[in-house]
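Engineer: Numbered according to my numbering, the sequence shown terminates at residue 97, and the numbering increases by one at each position without gaps.
All residues carry an ideal CB built from backbone N, CA and C; glycine is no exception.
My questions will all concern the structure given below.
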Amino acid sequence: MGSLLWVTPGPDEQLVKWIRCSIYGELAEKAMAALHKGELVKVSGTVTFRTWIRQDGTSVDDVELRASGFDKEEPSGLTEIPKAAA
């Protein structure tokens with residue numbers, strides 16, 4: 012299990028969202044060998060949305076991606092990567 016940083020460039024600012032990514036078995040081993048922190052990656056898989064309530068009563072929306080494949084990507088059109096991802 013890991014986290015991906017989803018960055019969507021916008022006209023005035025970037026939308027940044029951490030997405031939990033589940034990857035298992037042989038695919039996980041390949042990802043560990045091939046991927047490094049800060050690289051751009053295209054991930055395919057099944058997305059699950061869930062909402063849960065914290066103890067303080069606030070609602071939290073969560074997104075999880077169960078990966079079925081991945082490819083490294085070259086930067087294109089991305090003007091800045093947030094420092095938290097590097």
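#1: Consult DSSP for K41 and reduce its assignment to one of helix, strand or coil.
#2: Using the Cα positions of M43 and R65, report the straight-line distance between them to the nearest angstrom.
#3: Tell me the DSSP secondary structure of G36 in three-state form.
#4: Around the Cβ of A78, are there at least 16 other Cβ atoms within 10 angstroms (buried) or fewer (exposed)?
#5: What whole-angstrom Cβ distance do K41 and D82 have, given they're in contact under 8 Å?
#6: Considering only residues of the same chain and omitting the five flanking positions on each side of G56, which have a CB-CB separation below 6 Å?
#7: Determine the DSSP secondary structure at R65, reduced to helix, strand or coil.
Structural biologist: In terms of the structure at hand:
#1: Against the sequence shown, residue 41 aligns to sequence position 30. Three-state result, K41: helix.
#2: Here residue 43 corresponds to residue number 32 of the sequence shown, with the count starting at 1. Here residue 65 corresponds to residue number 54 of the sequence shown, with the count starting at 1. Their Cα atoms are separated by approximately 32 Å.
#3: Your numbering for residue 36 matches position 25 in the sequence shown. G36: helix per DSSP, three-state reduction.
#4: Position 67 of the sequence shown, counted from the start, is the residue given in the question as residue 78. The residue in question, A78, is buried, as its Cβ has 16 or more Cβ neighbours within 10 Å.
#5: As a working mapping, residue 41 is identified with position 30 in the sequence shown. As a working mapping, residue 82 is identified with position 71 in the sequence shown. Going by Cβ atoms, the distance from K41 to D82 rounds to 11 Å, so no, they are not a contact pair.
#6: Residue mapping note: residue 56 aligns to position 45 of the sequence shown, counting from 1. These residues qualify, in order along the chain: L76, R77, A78, S79.
#7: Sequence index remark: in the sequence shown, residue 65 carries index 54 (1-based). Coil.
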